[in-house]
Each structure stands twice: as C-alpha cells, then as structure tokens.
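The structure appears right after this line, and notes come after that.
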Amino acid sequence: MYSTPVYKPLQWDPSGLRHILLVEAAHAGQISRLLDDLPSALSVIVVGRSPEGAELDLRVSVPCAVASDLEAGLDVLSAELERASMGCRLYLLGNEHLVWEASRRAAKAGLGEAEIQRERAGAPARPMFCVHCRTTTPDVTATVAPCSGCGRTLFVRDHFSRQLGAYMAFQIDAEEPGLIPEAEPFQS
1 MYSTPVYKPL QWDPSGLRHI LLVEAAHAGQ ISRLLDDLPS ALSVIVVGRS PEGAELDLRV
61 SVPCAVASDL EAGLDVLSAE LERASMGCRL YLLGNEHLVW EASRRAAKAG LGEAEIQRER
121 AGAPARPMFC VHCRTTTPDV TATVAPCSGC GRTLFVRDHF SRQLGAYMAF QIDAEEPGLI
181 PEAEPFQS
C-alpha cells in the first residue's frame, strides 16, 4: 500500500551541519556500520537500557544522553531540536512507535521530511490508531487487537498516517457483533 512506510538503513547526510541520532537501546548494535565515520557535530540519544546501548555509549566518541523510556527520550530530543538550526539532520532507529513519535516531535520543531531518516528495528509491531476514540495503542503485533482506549476489538489496516504516526484501525465486528476473525501476525 502506498501509505505504508518504507525504511532504509541509516546513513550520514554529508550536507548536514548538525546531526542528532536517536536510537532504541535494544537495537543500538545495528548502527555499528555508522561508527567508523561519525560527523563532527553529533548528538546521540539512547532510549532505554540494554547491553547494546551501554556498548554504544563506550564506542561513540561523543557523549550519549541515556533516557530511561520513550517519553524521556522525546523530551531530550525536543531540547536538542530547540537548539538546532538550519542544516540539522535527524536519524531515528527503533520500533515503529518510537520512530514516528520522534518524527512527530521533529516536525513540530520544523524539520522537514528530507531532514529525517528512519530505520525500523525489532519485531514487526505497529502503532494502531483507533478511529472511534482517537487513542494510539503502541506495539500491536496482529491484524486484530483491542483498543487501549475504548476496548473495542479493532482491525488494523495497512493504511498508515504519517501525521498521526500510526496505522488506522476500526471496529471489526460493528455490523455483526461478536463475529471476529482470527488475528494474523504482522510479517513486516
């Protein structure tokens, strides 16, 4: 589907004047390919704690801000973006929920699509947006899932909203209450 995000491996943008890397600790090992050629003006934010994140802190020649959870990481990112100027590039690596929540913060700070790179890591879990109560449920792993807001059983579509940072979902048994098909796990 056209709206489904396509992710590519991160690579430093040589046109950038300042670089911010936000990485989920559990997947920090995936950026080892970038560590040989670090840009000069680099800030690193590690979200969560894991052996991979601790190892990254030791291998990167710049200080790493370590945030205990996503919300804390987004706050650190917002502070970094407040100090940013033209030429800032943002690199995001983590699960889809992390990547798109950070993208939304960056957009609010004025970064455009061309200034943000995203690489999804981990299990194929999706953030799900309920069209009934407008709640986003992170890390949904199958096509049928309960809404964390209203409790309805929802069908998760492949349609992705970049503005909301989530896949659209609607009540699956609205026409025939109780008729709920078997959930299929997401493959990618």
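Just so you know, my numbering puts 182 at position 182 of the sequence shown, and the rest follows in order with no gaps.
Glycine included, C-beta positions come from ideal geometry on N, C-alpha and C.
Small disclaimer: the values here were computed from a predicted structure and weren't measured.
Pull up the distance between the alpha-carbon of residue i and that of residue j, whole angstroms please.
i, j, result
"isoleucine 180", "glycine 165", "26 Å"
"cysteine 133", "serine 40", "45 Å"
"leucine 81", "alanine 109", "6 Å"
"arginine 126", "arginine 162", "13 Å"
"alanine 67", "valine 47", "5 Å"
"arginine 157", "histidine 97", "16 Å"
"alanine 65", "glycine 151", "36 Å"
"arginine 105", "isoleucine 172", "31 Å"
"phenylalanine 160", "leucine 35", "32 Å"
"serine 148", "leucine 17", "41 Å"
"arginine 83", "glutamate 71", "19 Å"
So, using beta-carbon positions, are residue i and residue j closer together than 8 Å?
i, j, result
"leucine 93", "valine 23", "yes"
"valine 44", "leucine 21", "yes"
"leucine 10", "glutamine 117", "yes"
"glutamate 101", "lysine 8", "no"
"leucine 38", "serine 61", "yes"
Let me know the secondary structure DSSP gives residue i once reduced to three states.
i, result
"arginine 33", "helix"
"proline 138", "strand"
"proline 185", "strand"
"alanine 41", "coil"
"alanine 169", "strand"
"alanine 174", "coil"
"proline 146", "strand"
I think residue i touches residue j, with their Cβ atoms under 8 Å apart; what is that distance to the nearest whole Å?
i, j, result
"leucine 154", "alanine 169", "4 Å"
"alanine 183", "alanine 123", "15 Å between Cβ atoms; not a contact."
"leucine 90", "glutamate 115", "6 Å"
Which runs of the alpha helix (DSSP H) at least 4 residues long sit entirely within the stretch 64 to 136? Give them in chain order. With a minimum length of 4 residues, the continuous alpha helix (DSSP H) runs that stay inside the stretch 64 to 136 are 70 to 83, 96 to 108.
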